[in-house]
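Comments concern the structure below.
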Amino acid sequence: MEEININSRRFFLILLAAGFLFISYYFFWNAFNQKTKIVFCDVGQGDASYIRIKNKIDVLIDAGPDRKILSCLGRHMPFWDKKIEIAIISHPQKDHVGGFLFLLDRYQIEKIFLPPLDNKSQSFQILKEKMSKKLIQMNLITDEKNLKIAGNNLTFIWPTAEFLAKHLIFDKKNYFHNILGTSTLDDNNFSIVCLFQEEDFKALFTGDASPLVLNSIVNKGKNHLIENITLLKIPHHGSKNGLTKNFLMLAKPQLAVISVGKNNSYGHPHEEILSMLKAQKIKIKRTDEEGEIVFRIGKAESN
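To get our numbering, take the position in the sequence shown, counting from 1, and add 6.
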């Protein structure tokens, strides 16, 4: 009996030591691994992209339709970190904003950037109420804008002031005072397009940008921003009504990521888009096939 107790204690001590070593390694890895990480979360038929910049700053671009985003962030954010410094809502449709309703109950969001476009959907109306109650700083993207984050650049390319002035309906006196407008155009035409750049690495996030948006970017004066992209998030889940040949020829991405739900009812991604990418010998990664897709600057991996 005494021998059994001794063996039990020994086993317990071994487990304790192994646990200590694992936790020590985890803290050591997170403390000294300064590589920026980009995660395309598998949220089904929706968009959610997470960037942890130099193990310091958390940026979230869209949050998918539901609570799946919590599992993704739980795996990739340190468990003690409950603050997201920057959140971006590309446009106010449920498959991009629904997850924020759950995020706001678990995480503190410092700033939210979004286009000045309203949407009468229940999910967006509830989200606006939650943001207001939590006094979250809301920043409307009403023209090109650049943010410096830990020495890196996050550049908002779309929408532009000229486009908004033509197509949004609201009191122009309040144009720059967090007032949301309405439009007869599809919401996708207002989708934020933004570029994250760390040294030579360029990742372009396109939300559900339409051909109108992409062609406008190609034809505008600052189209050099999207030349020679390292990583392109394909717009609108690979819908036929998204990526254009002109845009692709200018961007020349090395890698393309399609955030899309498995066996979705929309037929995304469209074969025409896949063929367009394959013709340019662009490597394609899809969340419906690989689950979460993780990139570290200088190294790519998929889970």
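Even for Gly, the Cβ is constructed at its ideal location relative to N, Cα and C.
- For valine 224, the enclosing alpha helix (DSSP H) stretches over residues 217-225.
- With a threshold of 16 other beta carbon atoms within 10 Å, histidine 230 falls short and is exposed.
- Residues Thr236 and Ile303 of the same chain have their beta carbon placed closer than 6 angstroms to that of phenylalanine 207, with the five preceding and five following residues left out of the count.
- When DSSP reads this structure, tryptophan 86 sits in no beta bridge, so it has no partner.
- Between leucine 141 and leucine 120, the gap from beta carbon to beta carbon reaches 9 angstroms or more.
- Separation of lysine 74 and proline 98 (C-alpha to C-alpha, rounded to the nearest whole angstrom) is 18 angstroms.
- In this model, glutamate 205 and tryptophan 164 are separated by some 22 angstroms (Cα to Cα).
- Threonine 166 is not a Cβ neighbour of asparagine 152, given a cutoff of 9 angstroms.
- If you draw a straight line from the Cα of asparagine 159 to the Cα of alanine 209, it comes to about 11 angstroms.
- In the DSSP assignment, phenylalanine 46 falls outside any alpha helix (DSSP H) and within the unbroken beta strand (DSSP E) covering 43-46.
- Counting only residues of its own chain and dropping the five nearest sequence neighbours on each side, arginine 112 has a CB closer than 8 angstroms to the CB of Leu76 and Lys88.
- Around the Cβ of glutamate 298, a 10 Å sphere holds 16 or more other Cβ atoms; the residue is buried.
- Aspartate 111 carries a coil assignment under DSSP once its states are collapsed to helix, strand and coil.
- In this structure, Phe202 is the residue among Phe202, Pro71, Leu123 and Asp214 with its C-alpha nearest to the C-alpha of glutamate 233.
- When secondary structure is reduced to three states using DSSP, glutamate 150 falls in the coil class, being assigned neither helix nor strand.
- By the neighbour-count criterion, in which 16 or more other beta carbons inside 10 Å mark a residue as buried, alanine 257 falls on the buried side.
- In this model, leucine 280 and glycine 244 are separated by some 8 angstroms (Cα to Cα).
- Non-local beta-carbon contacts of alanine 93 in its own chain, meaning distances under 6 angstroms to residues more than five positions away in sequence, involve Leu66, Ile115 and Ile118 in chain order.
- In chain order, Met282 place their CB closer than 8 angstroms to the CB of lysine 251, counting only its own chain and leaving out the 5 sequence neighbours on each side.
- Asparagine 234 sits in coil when the DSSP states are folded into three classes, being neither helix nor strand.
- Annotation for lysine 62: no alpha helix (DSSP H) segment contains it, and DSSP assigns it neither H nor E.
- Residue pairing by DSSP puts glutamine 143 in a beta bridge opposite Lys117.
- For the set Lys289, Thr148, Asp68 and Ser197, the Cα lying nearest the Cα of leucine 109 is the one of Asp68.
- Runs of the beta strand (DSSP E) lying entirely within the region 186-213, each at least 3 residues long, are 199-204 and 207-211 in chain order.
- Using a Cβ distance threshold of 9 angstroms, threonine 293 and cysteine 47 count as a contacting pair.
- Take serine 189, set aside five residues on each side of it, and the residues of its chain with a beta-carbon closer than 6 angstroms to its own are His173 and Leu174, in chain order.
- A distance below 9 angstroms separates the beta carbons of valine 49 and glycine 70.
- Boundaries of the alpha helix (DSSP H) harbouring threonine 293: 293-296, taken from the DSSP string.
- Judged by DSSP in its simplified three-state form, arginine 81 adopts helix.
- The residue among Ile240, Ile95 and His82 with its C-alpha nearest the C-alpha of serine 265 is Ile240.
- In the structure shown, arginine 73 adopts coil according to DSSP, grouped into three states.
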